[in-house]
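When we follow the numbering used here, the leftmost residue of the sequence shown carries the number 493, and every step to the right adds one. Positions of the beta carbon are idealized from the N, C-alpha and C atoms, including for glycine.
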Amino acid sequence: VDFAQCMKELVDEHYPEAHKIHVVMDNYTTHTAGSLYKAFKPEEALRILNKLEFHYTPKHASWLNMVEIEIGNMNQQCLDRRIESWEMLHTELAAWEKRKNEEEASINWMFNVDGAREKFTKAYANINQS
Numbered sequence: 493v494d495f496a497q498c499m500k501e502l503v504d505e506h507y508p509e510a511h512k513i514h515v516v517m518d519n520y521t522t523h524t525a526g527s528l529y530k531a532f533k534p535e536e537a538l539r540i541l542n543k544l545e546f547h548y549t550p551k552h553a554s555w556l557n558m559v560e561i562e563i564g565n566m567n568q569q570c571l572d573r574r575i576e577s578w579e580m581l582h583t584e585l586a587a588w589e590k591r592k593n594e595e596e597a598s599i600n601w602m603f604n605v606d607g608a609r610e611k612f613t614k615a616y617a618n619i620n621q622s
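Here you go:
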């Protein structure tokens with residue numbers, strides 16, 4: 493239900509004017525269209541899904557998922573201790589986020605498309621067969 497609510501909020505509150513919203517995410521079991529049908533009436537689920545296009549990171553390749561990497565960084569750099577209150581948590585996370593944004597870090601990929609195809613031979617074989 494949390495995922496479905498998040499997708500509804502994305503469509504209705506954050507990007508109501510968007511024709512199509514591309515959502516990049518991992519393959520977690522709840523990250524599916526079915527989750528919306530479980531949470532909402534079919535008409536509402538379809539309305540939301542018509543504005544979304546899901547893109548999944550490869551299974552067993554969490555190192556490709558920049559969100560997972562940043563969550564790991566946040567855990568190590570900011571959440572590595574007990575935080576006394578919600579207010580303190582908000583303050584700590586806001587400070588960490590501000591510092592990260594000021595760093596303007598970029599990703600330096602170490603391989604190109606050919607390297608990715610070689611690394612993910614099994615995944616590309618499945619794509620080509622469908």
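- Message: Can you confirm whether Phe546, when its beta carbon is compared against all beta carbons of chain B, has any partner nearer than 8 Å?
- Response: Of the protein chains in the structure, only one exists, and it is not chain B.
- Query: Any chance the stretch 555 to 572 sits against the stretch 521 to 536, with 3 or more Cβ pairs inside 8 Å?
  - Reply: no
- Which of the three DSSP states, helix, strand or coil, is assigned to Phe495? Correct three-state label for Phe495: helix.
- Task: Whole angstroms is fine: what's the gap from Leu585's alpha carbon to Lys530's?
- Result: 32 Å
- With which residues is Val503 paired in a DSSP beta bridge? According to DSSP, which records beta bridges pairwise, Val503 is partnered with nothing at all.
- Is the stretch 571 to 587 touching the stretch 534 to 550, taking contact as three or more C-beta pairs under 8 Å? no
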